[in-house]
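Chemist:
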Amino acid sequence: MDRFVFLTVDGLSRGAVYAAFALALVLIWRAARVVNFAQGAMAVAAAYVAYTVSTATGSYWLGFVVAIVAGLLLGALVDRVVMRHVDHASPLNPVIVALGLVLLIQAVLGMVYGSEFRPAEAPFSRSALTVGGVAVLSPYDLFVFATIGVVVSGLAWMFARTPVGLRMRAAAFAPEVSRLLGVNVGGMLTLGWALASGVGALAAMLVLPTELGLHPHAMDLVFVSAFTAAVVGGLDSPPGAVVGGLVVGLLLSYVSGYAGSDLTPLAVLVLLLAVLLVRPGGLFAPVAARRV
Amino acid sequence: MTATDLLVVRGLVAGYGAAPVLRAIDLTVPAGTIAAVVGANGAGKTTLLRALSGMIRPAAGQVLLAGEDLRGTPVEQLVRRGMAHVPEGRGVISELTVDENLRLGGLWRRDRADAGRALDEVYQLFEPLARRRRHLGHQLSGGERQMLALGRALVGRPRLLLLDEPSLGLAPRVVARTMALLRQLRDRTGLTVLLVEQNVRSALAVADQGVVMSLGRVVIAAPAVQLRDDVDLRHAYLGF
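Now the structure itself:
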């Protein structure tokens, strides 16, 4: 039972990170109809910037803030410099370009920082507090839950309640009509990329201390898990991404805890395959037709 | 051009790809009047509206709104110049609620207080929308979508309203109500309307000026009354 509680909490903590990362994928998918395969690499790049700042200044928090800012800027840059100029007539084009971006970013990071693992420090203790003799939550887990809770509800509030959120949704659903109503659709697209990339950078900062550390490929498996989470929830559904992330986190935690950690990459792929076969639109696919 | 002409189009050439759909369009719409553009399918009516609102770039010619040349103005700026375009099929965003669709029409305005007043006025004008604020666009009937599209344009308090086939797919009673509303808006607020219609009879019934297009050209621009009453003209170009 103790083990089950531990695995559940651990799974939810990792799942929260997958949820944020999946949410970032969904943001870009909804705005630009692109699955951003470069998101993992972009997030690692932001984390390296944070690493540089943190080692130079000795402040974790300065690095943390810089990572998010770097993520925001990198997202805007990728949209303006690369994706805006890709012909979207075939959905494959942006995917290939994104994969090219992965190679480029990882190669540049390898050249600048080398490909050995760098330590990623955690700002809080990762040893679990015990409640009634059962190891439950570490302070770091609490930090992860709180941060992602704030970011996810902040984004939800922004999209549902603010003028800029309304503009972003309108621009994503009906770009031509939105322009006629005075919405700067190109600007909204860039903002979407920036936000998604910022969320991705945050997720990387939260997950890296729980893994082997910083490495150009450090987010590869996280990306696959988050992508699976997004597909489980349905690429069009932000709440789906969050639920999908938690589900994938729990599943991986149970598989690694009860069946062995070697099996986790396999478990992700099996889940991805199963969802694509049974319900390709995702569990939260909207029922209503998009265009009437 | 006189001081009261709100829209002046001179020698407008536009189209998709190499072949122009519009061949040298000349058109003048005085402020506070309704102009109805009629003509057969493929005459270039929708293309004319799309060229006016910058959704396609004209190859040549001039579009003046209240004397200001609109050339090179990005589409999203036109609403700030006082032009509202309700596109073919009306462009209601079905994933947004009625209220969100309407608010979107006034988001660009700096005068937030007046944008709020305009929103209230639209809800008074279209009672059924006020009852369905929280409904999604795709839950509305055809008539309600029409109201929503018109209302959303009016929230921006435009000087010139471009309407593409407002009668499309609507019951005759709803069409009549829409046309009456346009006349009412013209008389009460001085709104200028450029209306593209297949439904020639109801368009000419409400319009001050009738513009007949054929194969990308304006062949007649005359007072609507004259077009309605001239049997030969009607037979030649309008088929009734």
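Heads up: the sequence lines are chains W and B, in that order. To convert, note that position 197 of the first sequence is 197 in full-length UniProt numbering; the numbers rise steadily by one, no gaps. To convert, note that position 74 of the second sequence is 74 in full-length UniProt numbering; the numbers rise steadily by one, no gaps. Virtual Cβ for every residue (Gly too), placed ideally from N, Cα, C.
Check the Cβ-Cβ distances between residue 169 of chain W and every residue of chain B, and say whether any is below 8 Å.
Modeler: Mapped onto the first sequence, residue 169 of chain W falls at position 169. Closer than 8 Å to some Cβ of chain B, the Cβ of residue 169 of chain W qualifies, so yes.
Chemist: Which residue from B/147, B/89, B/68, B/177 puts its Cα closest to that of residue 80 of chain B?
Modeler: Within the second sequence, the letter at position 80 stands for residue 80 of chain B. If we check each option's Cα against that of residue 80 of chain B, B/68 comes out closest.
Chemist: Cβ atoms of residue 94 of chain B and residue 78 of chain B: under 8 Å apart, would you say?
Modeler: For the purposes of this step, residue 78 of chain B is identified with residue 78 of the second sequence, where counting begins at 1. For the purposes of this step, residue 94 of chain B is identified with residue 94 of the second sequence, where counting begins at 1. No, the pair does not count as a contact, with Cβ atoms beyond the cut-off.
Chemist: At the 8 Å Cβ level, is residue 91 of chain B part of the contact set with chain W, yes or no?
Modeler: For this step, residue 91 of chain B is matched to residue 91 along the second sequence. Interface residue, yes.
Chemist: If I'm right that residue 380 of chain W touches residue 249 of chain W with Cβ under 8 Å, what's the distance once you round it to whole angstroms?
Modeler: Not covered by the structure: residue 380 of chain W. The range shown for chain W is 1 to 292.
Chemist: For residue 127 of chain W and residue 121 of chain W, I'd like the C-alpha separation in whole angstroms.
Modeler: As a working note, residue 127 of chain W is residue 127 in the first sequence. As a working note, residue 121 of chain W is residue 121 in the first sequence. The straight-line gap from Cα to Cα measures roughly 14 Å.
Chemist: Using a Cβ-Cβ cut-off of 7 Å (strictly less than) and excluding sequence neighbours within five positions of residue 37 of chain W, which residues of its own chain qualify?
Modeler: For the purposes of this step, residue 37 of chain W is taken as the residue at position 37 of the first sequence. Cβ neighbours of residue 37 of chain W beyond the five flanking positions: 95, 98, 99, 102.
Chemist: Got a sec: which bits of the region 158-183 of chain W sit with their beta carbon under 8 Å from any beta carbon on chain B, in order along the chain?
Modeler: The region 158-183 of chain W vs chain B, Cβ under 8 Å: 163, 166, 167, 169, 170, 173, 174, 176, 177, 178, 179, 180, 181, 182, 183.
Chemist: Return no unless some Cβ of chain W is closer than 8 Å to the Cβ of residue 144 of chain B.
Modeler: Counted from its first residue, the second sequence places residue 144 of chain B at position 144. False, the Cβ-Cβ gap to chain W never drops below 8 Å.
Chemist: Spatial neighbours of residue 70 of chain W within its chain, please: C-beta separation below 6 Å, excluding the five flanking residues on both sides.
Modeler: As a working mapping, residue 70 of chain W is identified with position 70 in the first sequence. Excluding residues within five positions, the ones whose Cβ falls inside 6 Å are 46, 49.
Chemist: Grouping DSSP H, G and I as helix and E and B as strand, with all else coil, what is residue 228 of chain W?
Modeler: In the first sequence, residue 228 of chain W corresponds to position 228, counting from 1. Reduced to three states, the DSSP call for residue 228 of chain W is helix.
Chemist: On the CB-based measure, 16 or more other CB atoms within 10 Å of its CB, does residue 225 of chain B come out buried or exposed?
Modeler: On the second sequence, position 225 is the one that residue 225 of chain B refers to. Its Cβ having fewer than 16 others within 10 Å, residue 225 of chain B is exposed.
Chemist: Whole beta strand (DSSP E) runs in the region 73-111 of chain B with 3 or more residues, listed along the chain?
Modeler: For the region 73-111 of chain B, whole beta strand (DSSP E) runs of length 3 or above, ordered along the chain, are 83-86.
Chemist: Got a sec: which bits of the region 61-84 of chain B sit with their beta carbon under 7 Å from any beta carbon on chain W, in order along the chain?
Modeler: If the cut-off is 7 Å between Cβ atoms, the region 61-84 of chain B has 75, 76, 79, 80 near chain W.
Chemist: Here's the rule: buried if 16 or more other CB atoms are within 10 angstroms of the residue's CB, otherwise exposed. What is residue 85 of chain W?
Modeler: Taking the first residue of the first sequence as 1, we reach residue 85 of chain W at position 85. Residue 85 of chain W is exposed by the Cβ-count criterion.
Chemist: Using a Cβ-Cβ cutoff of less than 6 Å, which residues in the same chain neighbour residue 289 of chain W once the five nearest sequence positions on both sides are dropped?
Modeler: In the first sequence, the residue the question calls residue 289 of chain W occupies position 289. The predicted model places residue 289 of chain W with a pLDDT of 44, which falls under 50 and marks its position as unreliable, so this point remains unresolved.
Chemist: Give me the DSSP bridge partner(s) of residue 209 of chain B.
Modeler: Locating residue 209 of chain B in the second sequence gives position 209, counting from the first residue. Residue 209 of chain B pairs with B/35, B/223.
Chemist: For residue 14 of chain B, list the residues DSSP reports as bridge partners.
Modeler: Within the second sequence, the letter at position 14 stands for residue 14 of chain B. B/22, per the DSSP bridge assignment.
Chemist: Please check if any C-beta of chain W sits within less than 8 Å of the C-beta of residue 7 of chain B.
Modeler: By one-based count along the second sequence, residue 7 of chain B stands at place 7. Chain W, which has no Cβ nearer than 8 Å to the Cβ of residue 7 of chain B, makes this no.
Chemist: Applying a beta-carbon distance threshold of less than 7 Å, which residues of chain W neighbour residue 262 of chain B?
Modeler: The question about residue 262 of chain B has no answer here: the residues shown for chain B are numbered 1 through 240.
Chemist: What is the rounded straight-line gap between the Cα of residue 154 of chain B and the Cα of residue 215 of chain B?
Modeler: As a working note, residue 154 of chain B is residue 154 in the second sequence. As a working note, residue 215 of chain B is residue 215 in the second sequence. Taking the straight line joining both Cα atoms gives about 32 Å.
Chemist: Does residue 188 of chain B pass the burial test, meaning 16 or more other C-beta atoms within 10 Å, or should it be called exposed?
Modeler: The residue given as residue 188 of chain B occupies position 188 in the second sequence. Classification for residue 188 of chain B: exposed.
Chemist: Could you tell me whether the Cβ of residue 172 of chain B comes closer than 8 Å to any Cβ of chain W?
Modeler: Sequence index remark: in the second sequence, residue 172 of chain B carries index 172 (1-based). No - not a single Cβ of chain W is within 8 Å of the one on residue 172 of chain B.
Chemist: Interface residues of chain W around residue 32 of chain B at Cβ under 8 Å?
Modeler: Counted from its first residue, the second sequence places residue 32 of chain B at position 32. Within chain W, no residue comes near residue 32 of chain B; the closest Cβ sits about 23 Å away, beyond 8 Å.
Chemist: Distance cutoff 8 Å, beta carbons only. Does residue 127 of chain B sit that close to anything in chain W?
Modeler: Sequence index remark: in the second sequence, residue 127 of chain B carries index 127 (1-based). Answer no: the Cβ-Cβ gap between residue 127 of chain B and chain W never drops below 8 Å.
Chemist: List, in order along the chain, the chain W residues whose C-beta lies closer than 7 Å to that of residue 105 of chain B?
Modeler: For this step, residue 105 of chain B is matched to residue 105 along the second sequence. 181, listed in chain order.
Chemist: Quick one: grab the DSSP three-state call for residue 66 of chain B.
Modeler: As a first step, residue 66 of chain B is located in the second sequence; it is residue number 66 there, counting from the start. DSSP places residue 66 of chain B in coil when its eight states are reduced to three.
Chemist: Under the rule that 16 or more other beta-carbon atoms within 10 Å means buried, what is residue 19 of chain W, buried or exposed?
Modeler: Start at 1 with the first residue of the first sequence, and residue 19 of chain W comes out as number 19. Residue 19 of chain W should be labelled buried.
Chemist: Along the beta strand (DSSP E) that carries residue 192 of chain B, what are the first and last residues, could you check?
Modeler: Walking along the second sequence from the start, residue 192 of chain B turns up at place 192. First-last of the beta strand (DSSP E) with residue 192 of chain B: 192-197.
Chemist: Measuring CA to CA, which of B/50, B/96, B/157, B/73 is closest to residue 13 of chain B?
Modeler: Reading the second sequence from its first residue, position 13 is the one you call residue 13 of chain B. Per the Cα distances, B/50.
Chemist: Per DSSP, what kind of secondary structure is residue 157 of chain B in: helix, strand or coil?
Modeler: Taking the first residue of the second sequence as 1, we reach residue 157 of chain B at position 157. In the structure shown, residue 157 of chain B sits in coil (DSSP, three-state: anything other than H, G, I, E or B).
Chemist: What first and last residue would you give for the alpha helix (DSSP H) that runs through residue 55 of chain B?
Modeler: Locating residue 55 of chain B in the second sequence gives position 55, where the first residue counts as 1. Taken as a continuous stretch (DSSP letters only), residue 55 of chain B belongs to no alpha helix (DSSP H), as it is neither H nor E.
Chemist: What residue does the alpha helix (DSSP H) around residue 184 of chain B start on, and which one ends it?
Modeler: Against the second sequence, residue 184 of chain B aligns to sequence position 184. Its alpha helix (DSSP H) spans residues 172-189.
Chemist: For residue 195 of chain B, return the contacting residues in chain W, with the cut-off set at a CB-CB distance below 8 Å.
Modeler: For the purposes of this step, residue 195 of chain B is taken as the residue at position 195 of the second sequence. The contacting residues do not exist; residue 195 of chain B stays about 16 Å from chain W at best.
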